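Let me begin by presenting the structure, written as structure tokens, before commenting on it.
Residue numbers (our numbering): 3 to 498.
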């Protein structure tokens, strides 16, 4: 069956999308303004982190990593000793009253799940380890849990897939929550101890380590928006949480690099484009700049400079190592159009505006591939290799995901053409899973997974991505074979 890869758009429309995604350095940053005159946009200062090969004819560099990303609590099932499980028990916290058990039962099914992903030509996989399984009580580490994660990483290695391991992906052990969670400065010390123990046990099986996933999202959702644990609405507390998360990264980075200098250690940053809803309105431009500075730049600058930057400085003179990342992990999903509104004080006086429905995901997020290009070009100034560690769309019917995938991957290729040192792409996500406050209602998976039956079914977008992974390029259209079988209980779908 021939399937047009971009939502039945014709080649001329695809060329228009490509031209939009390839805008050059006059729109090179996430601010949407002029290039920074102080920034060096040449390839010369990237050093050993230059793209491995010239890209041409839609080809990505050799040894490019293609995979998907998951998180332990969202796919494993059976995580009953962390703050999220406790949060899920309270009525109204999770859409439809969903709970994270059974999720995808990946804790038991990881081997067959990896068989399926490998049959889809993926050569890498990002996953997380669950802190509450490994350290269920302070200072007590579970040999059983550590052995399990050794088996998981070995299974990836046996299938020729490069693991990328996240140490903290949103969940805390309940004993950490009892001690104050990320509001307590001591949590940074506990996390560093955990990170040291895990990497001591598993360093021989994984080169790439992410300390913390999306620290600004942890702070915003839990302490500003209040829809995640602990459910507070206190901007000052959110800033203190970001400080503790930065300290946790600094301490973990130092301990890991001291003991295992060969490991590549980074952090997964959630970065969004914040554009003014009305370009002619100076107050809208000011709000967009404030969002960019606080949400996008605060953590990046603090890790680069080894000190807290505004607005975190008021929380004390906390410092750490300069350049405390070996690579940049980028989680990119969407753009926010913001409008000044004096009633939105807790939101930096910015009101989020919706775009027309035709351009939105099931979660009302705008489909904006140019934002990935703009962000990748902005990140060049960090002079570090970049891995897209998350990028995906909630799309229950798989109607927009093929176009989303194609246009975003082409935007990434455009950034590589223009000198951004991108080394890999992890699509969010492998399987439909437990999507936090959205429960099972938000479908991000390239593979459908029914939590009731645990049936796996590769979607059309999953087969499109398999062709991209196989060929290491993204054509305008692609011939896709029909799905030959239902991937029940993790059985592979053969694309050969």
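Quick reminder that beta carbons are idealized off the backbone N, C-alpha and C, glycines included.
Quick caveat: nothing in here was measured; it's all calculated off a predicted structure.
By the Cβ test, the stretch 368-375 is not in contact with the stretch 302-321, since fewer than three Cβ pairs between them sit closer than 8 angstroms. By alpha-carbon distance to residue 60, the top candidate from 441, 414, 86 is 414.
Inclusion of residue 122 and residue 468 in the CB contact set at 9 angstroms is warranted, their separation being smaller than that value.
Non-local beta-carbon contacts of residue 151 in its own chain, meaning distances under 6 angstroms to residues more than five positions away in sequence, involve 131 in chain order. In this structure residue 74 is not in contact with residue 116, their Cβ atoms being roughly 15 angstroms apart against a cut-off of 8 angstroms. Taken in chain order, the complete alpha helix (DSSP H) segments of 4 or more residues contained in the stretch 127-208 are 133-136, 145-160, 176-180, 188-204. In the three-state reduction of the DSSP assignment, residue 266 falls in the strand class, which pools E and B.
Around the beta carbon of residue 283, fewer than 16 other beta carbons sit within 10 angstroms, so the residue counts as exposed. Judged by beta-carbon spacing, residue 88 lies beyond the 9 angstroms limit of residue 430, meaning their Cβ atoms are not closer than that value. Cβ atoms of residue 268 and residue 212 come within 8 angstroms of each other, at about 6 angstroms. Here residue 339 carries a strand assignment [DSSP, helix/strand/coil]. Taking the Cα of residue 438 as reference, the smallest distance to any Cα among 65, 64, 86, 69 is reached at 86. Shown here for residue 100: same chain residues with a beta carbon closer than 8 angstroms to its own, the five before and five after excluded, namely 90, 436, 441, 442, 443 in chain order. DSSP links residue 459 through a beta bridge to 450. In the DSSP secondary-structure assignment, residue 333 is bridged to 272, 392. Taking C-beta atoms as the reference points, residue 77 and residue 113 fail to come closer than 9 angstroms. In this structure residue 255 is not in contact with residue 187, their Cβ atoms being roughly 17 angstroms apart against a cut-off of 8 angstroms. Counting only unbroken stretches of 4 or more residues, the alpha helix (DSSP H) elements lying wholly within the stretch 53-101 are 74-77, 85-90, in sequence order.
Rounded to whole angstroms, the separation of the alpha carbons of residue 387 and residue 81 is 33 angstroms. Nearest Cα to residue 229 within the set 417, 95, 465: 95. Residue environment for residue 247: buried (at least 16 other C-beta atoms within 10 angstroms of its C-beta). Annotated three-state conformation of residue 215 is strand, per DSSP.
Listed in chain order, the alpha helix (DSSP H) elements of length 4 or more contained wholly in the stretch 397-451 are 403-419.
Leaving aside the five residues that flank residue 135 on each side, the residues in its chain whose CB is nearer than 6 angstroms to its CB run, in chain order, 147.
Pairwise C-beta distances place the stretch 195-205 out of contact with the stretch 231-238, as fewer than three of them are shorter than 8 angstroms. Inclusion of residue 447 and residue 389 in the CB contact set at 9 angstroms is not warranted, their separation being larger than that value.
Residue 380 counts as buried, since no fewer than 16 other beta carbons sit within 10 angstroms of its beta carbon. Between residue 320 and residue 155, the alpha-carbon positions lie close to 35 angstroms from each other.
Of the other Cβ atoms in all chains shown, 16 or more fall within 10 Å of the Cβ of residue 168; this residue is therefore buried. With contact defined as three or more Cβ pairs closer than 8 angstroms, the stretch 292-308 and the stretch 273-281 are in contact. Among the bridge pairs identified by DSSP, residue 277 is matched with 339. It is roughly 15 angstroms from the alpha-carbon of residue 190 to the alpha-carbon of residue 221. Here the alpha carbon of residue 397 sits roughly 13 angstroms from the alpha carbon of residue 451. For residue 236, there is no enclosing alpha helix (DSSP H), as DSSP marks it with neither H nor E.
Within a 10 Å sphere around the beta-carbon of residue 263 sit fewer than 16 other beta-carbons, which makes this residue exposed. DSSP places residue 293 inside the alpha helix (DSSP H), whose first and last residues are 284-293.
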